[in-house]
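Trainee: Questions regarding the structure given below will be posed in turn.
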Amino acid sequence: MGSRVRVWLNRTYAENVFFMDQLRNNPQHRAVEIHATHGDADSPVLAAADTAETEPEGLSPRAYVEYALDMCARRRVDVFVPVLHQDAIVAQRAEFAALGTALLAPRAEAVAVFHDKAVAYQAVKAVGIPVPPWYRVRTVEELIAAVEELEGAGQRACFKPAAGAGGVGFRVITRTPFSLMHLNGFPSAYVPLDLVVEALRTAAEPVDWLVMPHLGQPEVSVDCLTGPDGRVRMAIGRTKNGRRRGFTLDDAWIEPARLLAEAFGLHYLSNVQFRMYGDEPVLMDVNTRPAGGLHQIAQCGVNAPWAAVQLALGEETGELVPPFLGPDYTVVAGPRPVRPVPLPAQRTDPGVPTLSAMPAQATEPGAAQPAPVVTTAPAVPARADASATAAIAPA
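Positions 1 to 395 (the UniProt record's numbering) are the ones given, in order, by the sequence shown.
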């Protein structure tokens with residue numbers, strides 16, 4: 001069965017509760033002990049972990065690395081899955097390795113390239129992967145010029161931060177004057193150009209945006225698993241077209257993702273996102289971390305998180321080919337019980353860059369405690385008898 005594997009997930013998104021599930025439900029029935037840390041004491045990942053602690057606030061990237069090294073040493077972490085300060089952490093991979101901790105994250109060079117979307121587009125285009133037209137914008141004049149050029153070519157302009165994740169800051173530019181229409185219903189991603197211009201003119205500091213055409217659907221998110229030897233073990237596409245969801249192994253999406261993962265050393269779990277520019281799939285974004293929707297490919301019979309941990313431990317997985325692609329699926333929200341974990345008191349002295357040693361705070365077996373709930377939801381099949389085909393093919 002093998003020895004117990006200790007895994008740490010630092011500050012991450014709520015859906016990684018399902019990442020934890022997949023580690024525990026690994027096909028080898030190997031014991032896994034999961035530690036989680038977060039800045040928010042109410043984060044579902046803290047409740048779902050075996051042990052948990054709140055993270056200190058206000059640490060510089062280097063101070064956070066020291067905190068992480070301390071954590072790995074006293075928790076005897078075998079595999080660390082860093083999301084917060086990933087770039088600073090992977091730059092010190094050797095220090096973690098000296099403690100016996102493997103980092104489930106790409107090479108430092110790859111993280112640096114994809115931290116900045118403008119740098120990433122230039123690098124990706126150089127290896128032959130199509131990218132959309134884009135303009136780096138910091139001033140009002142640059143914004144107006146980029147929007148007018150795109151609109152002159154018949155495109156609708158949008159913008160997003162040059163560095164960022166999760167769609168934060170993404171907006172679509174419209175020429176429609178601000179009116180009650182913008183205040184009806186739910187908040188929209190559409191924003192009038194004149195309001196954006198006014199905001200830039202009165203801003204205390206310059207922005208750093210990419211302005212580009214609003215790309216068409218489908219959106220295909222390819223989850224890749226790449227070994228430290230640079231060879232891709234898995235590439236499965238998750239498709240989104242309106243509210244319709246599905247899976248694909250179509251080469252139009254899979255081959256560019258494989259090329260990108262191998263060319264840039266996107267070791268372990270990464271996520272490559274594509275959309276359509278006219279009739280051509282083009283790169284939209286690259287995440288150098290496990291995707292929030294990674295648990296959805298479990299519907300295809302693949303446990304990618306556990307395979308990634310195996311590779312980090314030096315164990316070979318072979319090629320991960322889904323035994324079936326499953327039906328279209330939908331996401332159904334609902335409460336989900338998790339394992340309650342009391343949190344230790346957190347030191348808040350800003351002058352202390354690392355935490356002092358604290359005992360594990362695991363819930364005692366059989367203890368009667370009210371369980372909190374997680375309201376994120378796994379993907380569930382829409383129907384069990386659907387054919388095992390890709391749900392959406394490229395346009």
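No residue lacks a Cβ here, since even glycine has one placed at the ideal position from N, Cα and C.
Which complete alpha helix (DSSP H) runs does the segment 47-87 hold, if anything under 4 residues is left out?
Mentor: DSSP runs (the alpha helix (DSSP H)) wholly in the segment 47-87: 61-75.
Trainee: Could you tell me how far apart the beta carbons of R289 and L269 are, in whole angstroms, since I believe they sit closer than 8 angstroms?
Mentor: Confirmed, about 7 angstroms.
Trainee: Could you pull out every unbroken beta strand (DSSP E) segment of at least 3 residues lying fully inside the segment 109-138, listed in chain order?
Mentor: Listed in chain order, they are 135-137.
Trainee: Can you name the start and end residues of the beta strand (DSSP E) that D285 belongs to?
Mentor: From DSSP, the beta strand (DSSP E) with D285 extends over E280 to N287.
Trainee: According to the Cβ coordinates, are A31 and R62 closer than 8 angstroms?
Mentor: For A31 and R62, no; Cβs fall outside 8 angstroms.
Trainee: Between the Cα of V191 and those of R76, F170, P206 and T12, spot the shortest distance and give me the residue it belongs to.
Mentor: It is F170.
Trainee: At which residue ranges does the segment 247-277 contain complete alpha helix (DSSP H) runs of 4 or more residues, listed in the order of the chain?
Mentor: Counting only runs of 4 or more, we get 251-264.
Trainee: Could you check whether the Cβ of E55 sits closer than 7 angstroms to any heavy atom belonging to the ligand GDP?
Mentor: With respect to the ligand GDP, the structure shown offers nothing to examine, as it has no ligands at all.
Trainee: CB C158 to CB H115, shorter than 8 angstroms?
Mentor: Contact: no.
Trainee: Going by C-alpha to C-alpha distance, which of C224, K160, F18 and R75 sits closest to R136?
Mentor: Ranking C224, K160, F18 and R75 by Cα distance to R136 puts K160 first.
Trainee: Between the alpha carbons of A97 and N10, how many angstroms are there, rounded?
Mentor: Cα-Cα distance, rounded: 17 angstroms.
Trainee: Between the segment 21-41 and the segment 90-106, do three or more beta carbon pairs fall short of 8 angstroms?
Mentor: At 8 angstroms Cβ cutoff, the stretches do not touch.
Trainee: In the DSSP output, which residue or residues are listed as bridge partners for G237?
Mentor: According to DSSP, G237 bridges with V222 and T248.
Trainee: If we ignore side chains and look at the alpha-carbon of each, how far apart do E95 and L59 end up?
Mentor: So the alpha carbons of these two residues sit roughly 19 angstroms apart.
Trainee: Could you tell me whether the segment 272-289 touches the segment 128-142, using the rule of 3 or more Cβ pairs below 8 angstroms?
Mentor: Verdict: yes, contact present.
Trainee: Hey, residue 396 and Q86: beta-carbon distance below 8 angstroms or not?
Mentor: With the chain covering only 1 through 395, there is no way to say anything about residue 396.
Trainee: Does the segment 317-325 come within contact of the segment 44-55, defined as at least 3 CB pairs closer than 8 angstroms?
Mentor: Touching, no.
Trainee: Keeping to the same chain, check which residues put their C-beta closer than 6 angstroms to that of Y13; ignore five residues upstream and five downstream.
Mentor: These residues qualify, in order along the chain: G292.
Trainee: Buried or exposed: where does F80 fall if 16 or more other Cβ atoms within 10 Å of its Cβ makes it buried?
Mentor: Classification for F80: buried.
Trainee: Closest to R244 by CA distance: which of R231, D251 and Q217 is it?
Mentor: Comparing Cα-Cα distances from R244 to each of R231, D251 and Q217, the minimum goes to Q217.
Trainee: For D208 versus A162, is the C-beta spacing smaller than 8 angstroms?
Mentor: Contact: yes.
Trainee: So S221 and Q273 are supposed to be a Cβ contact under 8 angstroms. How far apart are they, rounded?
Mentor: Right, the Cβ-Cβ distance comes to about 5 angstroms (below 8 angstroms), so this counts as a contact.
Trainee: Taking its Cβ as the centre, do 16 or more other Cβ atoms sit within 10 Å of M181, making it buried, or is it exposed?
Mentor: The residue in question, M181, is exposed, as its Cβ has fewer than 16 Cβ neighbours within 10 Å.
Trainee: Among all the DSSP beta bridges, which residues are the ones paired with M212?
Mentor: In DSSP, M212 forms a bridge with C158.
Trainee: Count the other CB atoms, across all protein chains shown, that sit within 10 Å of the CB of residue 403; report buried if there are 16 or more and exposed otherwise.
Mentor: Because the chain is modelled from 1 through 395, residue 403 falls outside the range shown and cannot be assessed.
Trainee: If you check the beta carbons only, do M234 and A304 fall under 8 angstroms apart?
Mentor: In contact: M234 and A304 (Cβ atoms closer than 8 angstroms).
Trainee: Just grab the DSSP bridge partners of T23 for me.
Mentor: One detail in the question is off: residue 23 reads as Leu in this sequence, not Thr. Answer is none; L23 lacks a bridge partner.
Trainee: Hey, D78 and T54 are a contact pair by Cβ (cut 8 angstroms); roughly how many whole angstroms apart?
Mentor: In fact, because the Cβ distance is near 22 angstroms, the residues do not count as touching under 8 angstroms.
Trainee: Within the same chain, show all residues whose beta-carbon is closer than 6 angstroms to that of V309, passing over the 5 residues directly before and after it, in chain order.
Mentor: So the qualifying residues of the chain are V79.
Trainee: Could you tell me which of I236, L311, G242 and K240 sits nearest to D250, measuring between CA atoms?
Mentor: For D250, the nearest C-alpha among the options comes from I236.
Trainee: Using the C-alpha atoms, what's the distance from S43 back to E141?
Mentor: Roughly 42 angstroms between the two C-alpha positions.
Trainee: Can you say whether V172 is buried or exposed, counting buried as having 16 or more other CB atoms within 10 angstroms of its CB?
Mentor: Looking at its Cβ environment, which holds fewer than 16 other Cβ atoms inside 10 Å, V172 is exposed.
Trainee: With a threshold of 16 other CB atoms inside 10 Å of the CB of L313, please say whether the residue is buried or exposed.
Mentor: The residue is exposed, with fewer than 16 neighbouring Cβ atoms inside 10 Å.
Trainee: Could you check the C-alpha separation between E205 and N271 for me, to the nearest Å?
Mentor: Those two C-alpha atoms are separated by around 32 angstroms.
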